[in-house]
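J.: Got a structure here, written out as structure tokens. Questions coming.
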Amino acid sequence: MTPALTTQRCPAGEKPARHTPDSDAVVTQLALAARDGDPAKTDRFVRALHRDVWRYVAYLSADPQAAEDLTQDVFLRALAALPRFEGRSSARTWLLSIARRTVVDSVRHAAARPRLSDRYDWQSAAEQNQPYDLPGFEDGIALAELLATIPAERREAFVLTQLLGLPYAEAAVAVGCPIGTVRSRVARARTALIAMLTDTEPSATLPKQRTMCDARYTAPTTPATELKASLV
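What follows is the structure, encoded as structure tokens:
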């Protein structure tokens, strides 16, 4: 019998552990225990990676409205495939590979009736699932909207490595392409994001008299300038 899937997210103000080799080892052990039929470990495995999968499919599909259903589908596929999981790669990489195929299948199925993501849906998704290490609330919204405008392959590589924290080698395994290709896609995504943020910055021409009279005066920062600084 397939265990019930939890859809609980982290409590308000609490973030899951950042991706590290140690955390990957723990998650992989949970997956192996789940494979052997331990229901408690199965529940912990789902909880440990639920948020990463949700964010990945939301960004990759550019459809946060469908992200919860896609996430459920990913875990159903993963639990069905667990008997074949041997731990040769980390469980996180293995699961994100399944997530990628799930999104691709969903996009192909919906190709005849494409849906447009509403701007406010992106804002809502960003508010609940801000990327790690960004300066603040507005930046999470801004990055979600900007990522939706770049090519899917570059967006995927950026999300895997810069937001979910996967090493380039593991991202290459999840995507199924050479590591150099992942690096190139991330670099191009970052360049595109910085260029778009530069275009949105207000011109900050300071009054010459004030600049000369007050050496301590500095131009005010904006969400766009802070976000760009985090990408450089």
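If you number the sequence shown the way the numbering used here does, the last residue is 232 and the count never jumps.
All C-beta atoms, glycine included, are put in the ideal place defined by N, C-alpha and C.
1. Check the C-beta distance from E170 over to S106 and give it rounded, since I have them as a contact under 8 Å.
2. The alpha helix (DSSP H) spanning F85 covers which residue range?
3. Can you list the beta strand (DSSP E) stretches of 3 or more residues lying completely in the segment 21 to 82, in chain order?
4. Using the C-alpha atoms, what's the distance from V46 back to T149?
5. Roughly how many angstroms separate the alpha carbons of A174 and E153, rounded to a whole number?
6. Exposed or buried, what is D52 when buried is set at 16 or more other beta-carbons lying within 10 Å of its beta-carbon?
7. Where R77 and L95 are concerned, what is the direct C-alpha to C-alpha distance, given to the nearest angstrom?
8. Would you grab the beta carbon distance between R185 and A144 for me? Rounded to a whole angstrom, and I think it's under 8 Å.
9. Mind checking which residues open and close the alpha helix (DSSP H) that includes V173?
10. What residue range is occupied by the uninterrupted alpha helix (DSSP H) comprising A157?
11. Would you mind stating whether L147 and Y59 have Cβ atoms separated by less than 7 Å?
12. Around the Cβ of R92, are there at least 16 other Cβ atoms within 10 angstroms (buried) or fewer (exposed)?
T.: By the coordinates alone:
1. The count along the sequence shown starts at 1 and reaches residue 170 at position 170. The count along the sequence shown starts at 1 and reaches residue 106 at position 106. Contact doesn't hold; Cβ gap of about 23 Å is too wide.
2. Locating residue 85 in the sequence shown gives position 85, counting from the first residue. Premise fails: F85 is in no alpha helix (DSSP H) and is neither H nor E.
3. none
4. The residue given as residue 149 occupies position 149 in the sequence shown. The residue given as residue 46 occupies position 46 in the sequence shown. Straight-line Cα distance between these residues: approximately 30 Å.
5. In the sequence shown, residue 174 corresponds to position 174, counting from 1. In the sequence shown, residue 153 corresponds to position 153, counting from 1. Using only the alpha carbons, I get a separation of about 12 Å.
6. Within the sequence shown, residue 52 is the residue found at index 52, counting from 1. Label assigned to D52: buried.
7. Start at 1 with the first residue of the sequence shown, and residue 77 comes out as number 77. Start at 1 with the first residue of the sequence shown, and residue 95 comes out as number 95. In a straight line, the C-alpha of R77 is about 9 Å away from that of L95.
8. Residue 185 sits at position 185 when you count from the first residue of the sequence shown. Residue 144 sits at position 144 when you count from the first residue of the sequence shown. Their Cβ separation, rounded to whole angstroms, is 18 Å, which puts R185 and A144 out of contact at 8 Å.
9. Residue mapping note: residue 173 aligns to position 173 of the sequence shown, counting from 1. Element bounds for V173: Y168 to V175.
10. Translated into the one-based positions of the sequence shown, residue 157 becomes position 157. Note, A157: alpha helix (DSSP H), A152 to F158.
11. Position 147 of the sequence shown, counting from 1, holds the residue named residue 147. Position 59 of the sequence shown, counting from 1, holds the residue named residue 59. Yes, these two residues count as a Cβ contact at 7 Å.
12. As a first step, residue 92 must be located in the sequence shown, where it is residue number 92. R92 comes out buried.
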